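> Numbering (my numbering), first residue to last: 1033 to 1515.
Note that beta-carbon positions come from the ideal geometry of N, C-alpha and C, so glycine has one too.
Bear in mind the structure is a predicted one, so any value in this text is a computation, not a measurement.
Got a structure for you, questions after.
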Amino acid sequence: MTGGWDEGAADASRDGTALAPGEGATGGVRRRAPLLVVGDALLDRDLTGHAERLAPDAPVPVVADCGQRVRPGGAALAAYLAARDGHDVTLVTGLGDDPASRELRRLLGPWLTLIPLPLTGPLSEKTRVLAQGSPVVRLDRGDGQVREATEEARRAIRRAPSVLVSDYGRGAADCLRDVLAERPPLVWDPHPCGGPPVPGTRLVSPSEKEAYALSGERGATDGDLRGAARGAAALVRHWRVAAVAVTLGARGALLSYGEHPLLVPVPTVHVGDPCGAGDRFAATAAGLLADGALVGEAVEGAVAAASDFVGAGGAAALACEEADAPATDGDPGDPFALAARVRAAHGTVVAAGGCFDLLHAGHVGLLQAARRLGDCLVVCVNSDASVRRRKGEGRPVTPLADRVRVLSALACVDAVAVFDEDTPERLLGELRPQVWVKGGDYAGADLPEATLLEEWGGQAVLLPYLDGRSSTILMARAAGVPR
């Protein structure tokens, strides 16, 4: 795995920014900046089953009842994640006419624009066999390398305002190095088998092991912050780039501009499958930089996004079938049909609830974080009568139709469902989400939905709100009442 996490635009975003979501450098609720990704695509396949015995003819586990899931890998995963974040994405990558290339085109087609580069052989495929969620063996095949650049690819790079390079050492970045050097990329996710980033690149994101291999540091071991800092500083100088962020897994990332590195810790440590987290880091960092964030802000947001990605199951939890394609603009969709489609594709349905009377940054941050936990987000919103019973006369300030319309306009919201009761148990029983999200101002005892979700194996979770943001505070300020 390259680049990353120790495994080797009138829409809100779905990224992992640690800025106040909808505020700061990303500039509020607006359309995300376009992004061009250059790199080496893979086709990833997971065969997942359970192992309860060893084979009679060899001391190896027998993995039974395997289900198969296919998804984009490598640069294709980074591009797919950026597209899910709300960016208009173009991917320049090697593709042929082999079955793996055709399958990857099918998976990516609803999400982004493809500019293919010719390959010398079939597209690389990576197949993992997992038992009880843990990898047992990995099988690789396909040795296709990018043969040459095309004029279409060169034109696209020259026109692109923001570029992410996701180098997996299969030739895409190297054959386009001259045109990439004309306007250095925002982010370069390197690989020991690939070439160096072009001078002037704004941020390079090797994993800890990659940083040691690429910098030539001797005697460094995983967990050695001093060695990682020396390696990052050496790479900044050697590559003549603006900054290097060495990703450290559960410890976060070490950001260096050449001296005095900044350690960016993860906001929450998650234990899970790290596959794809490096691509999540690179896609988030590039997206935030494209939206106007500073490098430090982008790294902070990327650390949070990669950590949440691991906690949500990593790349293996992604649902990339056509059912997961973006909804038509302006159509909030049928929440029950959406949930059924995502479950049928073995994806994760996330639901979040609230009144959302005056939508503010705390709401947006909560919904963005909730969307990162799965493959679709259904917002369960109280009806006007329900809000009035909970909040008193004079509420809601915003009628239901307007609240639904505003929520549906957020890129992180896939559908909206309305309930008239005081609590959403009946609605949740119909939706049957795997994850139910509430704001962190609720105590565990205030979540009667938690027991309900256990009936179908779901989980209720709390996510933190931004301090000082609430509809009540906003109304008090508007009325001139000090709080």
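Where does E1184 fall in DSSP's three states?
In the three-state DSSP reduction, E1184 falls in the helix class (H, G or I).
> Do S1237 and A1317 have their C-beta atoms closer together than 9 Å?
yes
> Hey, V1382 and R1375: beta-carbon distance below 9 Å or not?
Contact flag unset, no.
> Taking a contact to mean a Cβ-Cβ separation below 9 Å, would you say G1284 touches P1297 in this structure?
It is a contact, given that the beta carbons lie within the stated cut-off.
> Hey, would you say D1072 sits closer than 9 Å to G1106, going by beta carbons?
yes
> To which residues of the same chain is V1450 closer than 6 Å at the C-beta, ignoring the five residues directly before and after it?
Excluding five sequence positions before and after V1450, the CB atoms of its chain that fall closer than 6 Å to its own CB belong to V1413, S1415, given in chain order.
> Should the segment 1180 to 1194 be regarded as contacting the segment 1092 to 1112, the criterion being three or more beta carbon pairs within less than 8 Å?
no
> Give the single residue among C1098, I1189, V1094 whose Cα lies nearest to the Cα of L1068.
I1189
> Thinking C-alpha only, which one of R1202, S1339, G1232 is nearest E1214?
G1232
> Kindly identify the DSSP beta-bridge partner or partners of W1468.
A1383, A1492, per the DSSP bridge assignment.
> By a C-beta neighbour count over all protein chains shown, 10 Å radius and 16 as the cutoff for buried, is L1109 buried or exposed?
When all chains shown are included, L1109 counts as buried.
> If distances are taken between C-alpha atoms only, which option among R1064, T1300, L1390 comes closest to A1401?
T1300
> How far does the beta strand (DSSP E) with T1080 in it extend, from its first residue to its last?
1073 to 1086
> Taking H1082 as the reference, give the member of A1115, P1091, V1095, E1240 with the closest Cα.
V1095
> Measure the alpha-carbon distance for T1145 versus A1111 and round it to whole angstroms.
10 Å
> Need the endpoints of the beta strand (DSSP E) that C1098 sits in, please.
1093 to 1106
> Count the CB pairs spanning the segment 1455 to 1465 and the segment 1430 to 1439 that are closer than 8 Å, and state whether there are at least three.
no
> Reducing DSSP to helix, strand and coil, say where D1210 ends up.
helix
> Within 10 angstroms of its Cβ, does D1361 collect 16 or more other Cβ (buried), or is it exposed?
Note on D1361: pLDDT 39, under 50, position unreliable in the model; no value is reported.
> Given a threshold of 16 other Cβ atoms within 10 Å of its Cβ, counted over all protein chains shown, does A1264 qualify as buried or as exposed?
buried
> Can you check which of these residues, D1199, D1389, E1332, D1256, is closest to G1426 by C-alpha distance?
D1389
> When the Cα of P1154 is compared with those of L1321, P1306, E1135, which residue comes out closest?
E1135
> If you count every other CB in all the chains shown that lies within 10 Å of the CB of D1221, and 16 or more means buried, which is it?
buried
> Hey, P1093 and A1163 are a contact pair by Cβ (cut 8 Å); roughly how many whole angstroms apart?
With a contact defined as Cβ atoms closer than 8 Å, P1093 and A1163 qualify at about 6 Å.
> May I have the straight-line CA-CA distance separating L1326 from D1130, to the nearest angstrom?
41 Å
> Does the separation of the CB atoms of S1133 and L1151 fall below 9 Å?
Yes, they are a contact pair.
> Should the segment 1185 to 1201 be regarded as contacting the segment 1113 to 1132, the criterion being three or more beta carbon pairs within less than 8 Å?
yes
> For A1090, which residues from the same chain have a beta carbon less than 8 Å from its beta carbon, with the 5 sequence-adjacent residues on both sides left out?
There are no such residues.
> State the DSSP-derived secondary structure class of W1143, mapped to helix, strand or coil.
DSSP, reduced to helix, strand and coil, places W1143 outside both helices and strands of the structure shown, so it counts as coil.
> Do V1273 and P1229 have their beta-carbon atoms positioned less than 9 Å apart in this structure?
Closer than 9 Å, so yes.
> To the nearest angstrom, how far is the alpha carbon of V1070 from that of V1493?
37 Å
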